[in-house]
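Following: one structure in structure tokens, then a few remarks.
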Amino acid sequence: MKHKMTEQRMLAINISSRFAAYAVNIGVQFFLTPYIVMALGAAEYGYLGLGQNFISYLDIFTFVTAGTLFRFAMISFTQKNKDDVNAYFSSSVYSTLAYLLALIIPVSYAIWRLKDFIKINPSIVQDVQILFILLMINFVFNTFFLIFRTGTQMVNKFYLISIRDFFSVILETALLLSMYIFFEPKIYYLGISAVVLSGLTMIYDFVLLKRFIPHLEIRLKHVKWTKLRDITSSGFYSMVKQTSNILLVGLDLLFANTMVSEIAMGQLSIGKILPKAMQSFLTMAIGSFNVMFTKLYAQKRMDHLLVQVKRGIKVLGTVTMLPNIILIVYGLPFYKLWIPHQDVQLIYILSVLTALVLVMTGLMSPLQSIFTITNHLKVNAIVHLIYGLISVLTTYLFLKYTNFGVYAIAGVSTFYGILLPFVFQMPYAAYCLDLPKLTFFPLMFRSILTFLVLVLFGFGMRQVIMPTTWIQLILSCGILGLVGVGVIYLMYFTAEERVHILSIFGVRK
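Quick note on numbering that gives the first Met the number 0: the sequence shown kicks off at 0 and runs consecutively.
Here it is as structure tokens:
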């Protein structure tokens, strides 16, 4: 029991520290983004998001060489098989390095001919090309620090990643402010700060990797084709799944740039700032649960795994529902105060559409982990790929034959993002755990009911309190947040779960 409580408290510490780092990041974005958008203009700022999307296309193959490293390394680590840990890490690192070297020539050519692929104002072509070069360097650094970070994840020390991210945000702010204040504003300053931070992060994560797994040796002699086959065979389907994610949401800025306008691309990019920050938090938070899920699966404790998966759905559902409810209810006055010179009505609607699918993503994250942990990746990847292709086709048809414009881009992604969990993710996750197909549906309906109750309450509250100043907005969001916490605690969690939550923080009933 003592070990269990220690594990649960570590989970609470990891998620709390992640949320704190996320809050700091949001705070910095709050002050920094309007300044940068004003300095560059919405259209030029949109190229940052477009460049990041292009990098995500290149990132697809790294899911083959590194996407399932954690699963295999964690199981070997749990079973105290040091040779296999060395083999999995070495095989992943060297195969990833080979892929990155192979990218140099085609990527260089693509950046040189960039203006032939996308719409760019002739006056900023060189600036955008420099940005893309820097984002490519950042991608290389990120790829390796994600591999090195696996060591910190394996020992469940996610709070150290959060501490790193906290100081990274502070350094990023100092770098960007220095460049934008003392030099002529350029879009590629964002790329410079990204390269500096990712380089330092890679070093930090490598130091932690060697500290927590001191016996680890990443050497060519440890590369084993059998281990590489394990990683790549599972990783192939992770790559297909990532391809589907790009088809579902990763082509939105490209569609906006090529089929609507550069301004629309910039507006969509701004509308995704807050939801994207929440997505980053969610990605890290699920890592804390993945450690627990993988251990339980390796130990064949399937009943306890189901309990923890359901708790994971509720915890991640809570931390994604609360901020998105506040965004949906008070997003419009927020944008009016934050970026008053932009089309705030349009940006607000785009943010709401993105927030809706993000809530579903949060609820589904633990179930997505089940596919990886149980190594049931093939069907999951194929289904997501089909949905992605349908989404792209639907978006194209809307843009070609209707006047919905950028609304169609965000709306189609939201529709399929909400539909997929009910049609596939929940029943297939139950199948992977040898459970009835409807196992997770009651919890999902309870989650949605809680979400709708709070949204309706929020809209009712907005009829009474419509803030027009920052003080009023902060107070209104604070009140809604406190009510949301209370409703979720009493309505969403069972009596047993409430006792468990209190016990994690040392409170006995």
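From the three backbone atoms N, C-alpha and C, an ideal C-beta is built for every residue, glycine too. Source: prediction; values computed, not measured.
Check, Outcome
"Complete runs of the beta strand (DSSP E) confined to the region 374-409 [at least 3 residues]", "none"
"Buried/exposed call for Q462, threshold 16 Cβ in 10 Å", "exposed"
"Sub-8 Å separation of K240 and H383 beta-carbons", "yes"
"Cβ-Cβ distance between H221 and S89 below 8 Å", "yes"
"Status (buried if at least 16 other CB within 10 Å, exposed otherwise) for P105", "exposed"
"Helix, strand or coil at V222 [DSSP, three-state]", "coil"
"T493, buried or exposed, once every other Cβ within 10 Å from all chains shown has been counted against 16", "exposed"
"Buried versus exposed call for V498 [16 or more other C-beta atoms within 10 Å across all chains shown]", "exposed"
"For S412, three-class secondary structure by DSSP", "helix"
"Buried/exposed call for K81, threshold 16 Cβ in 10 Å", "exposed"
"Simplified DSSP state of D433, which is helix, strand or coil", "coil"
"Residue from S167, L267 and Y34 with nearest C-alpha to G410", "L267"
"Burial state of H2, where buried means 16 or more other Cβ atoms lie within 10 Å", "Residue confidence is low: H2 scores 46 on pLDDT, short of 50, so the model does not pin down where it sits. Its coordinate-derived value is still stated next. Exposed."
"Proximity of F211 and T293 at Cβ, strictly below 8 Å", "no"
"Alpha carbon of F165 to alpha carbon of V36, nearest angstrom", "23 Å"
"Whole-angstrom distance between I123 and N402, CA atom to CA atom", "29 Å"
"Cutoff 8 Å; reference P33; Cβ partners in own chain excluding five residues on either side", "W337 and I338"
"N- and C-terminal bounds of the alpha helix (DSSP H) containing T467", "It is not in any alpha helix (DSSP H) - T467 carries neither H nor E in the DSSP assignment."
"Rounded separation between F30 and I169 - CA only", "12 Å"
"Residues near V358 by beta carbon distance below 7 Å, same chain, minus five either side", "T319, M320, N323 and F450"
"Unbroken alpha helix (DSSP H) run spanning E261, endpoints", "E261 to G270"
"For R445, the nearest candidate out of I272, Y488 and Q298 (CA to CA)", "Y488"
"Sequence-distant residues of its chain with Cβ nearer than 7 Å to G311 (five each side left out)", "F288 and P365"
"Proximity winner among L207, A263, M153 and F235, relative to G40 (alpha-carbon distances)", "A263"
"Three-state secondary structure assigned by DSSP to L349", "helix"
"Whole-number beta carbon distance between Y329 and P466, since they are thought to touch under 8 Å", "7 Å"
"Assumed close pair Q386, L419 - CB separation to whole angstroms, cut-off 8 Å", "According to the sequence shown, residue 386 is Tyr rather than Gln. At roughly 6 Å, the Cβ-Cβ gap stays under 8 Å, so Y386 and L419 are in contact."
"Neighbourhood of S237 by C-beta, 8 Å cutoff - its chain only, sequence neighbours within 5 removed", "F62, V63, G66, T67, T371, L376 and A380"
"Secondary structure of P213, DSSP reduced to three states", "coil"
"Beta-carbon gap between F143 and M201 smaller than 8 Å", "yes"
"Terminal residues of the alpha helix (DSSP H) in which F182 lies", "That residue, F182, is in no alpha helix (DSSP H); it is neither H nor E in DSSP."
"CB of I110 within 8 Å of CB of Q128, strictly", "yes"
"Three-way DSSP call (helix, strand, coil) for F254 in this model", "helix"
"Own chain residues within Cβ distance below 7 Å of L227, not counting five before or after", "S90 and S94"
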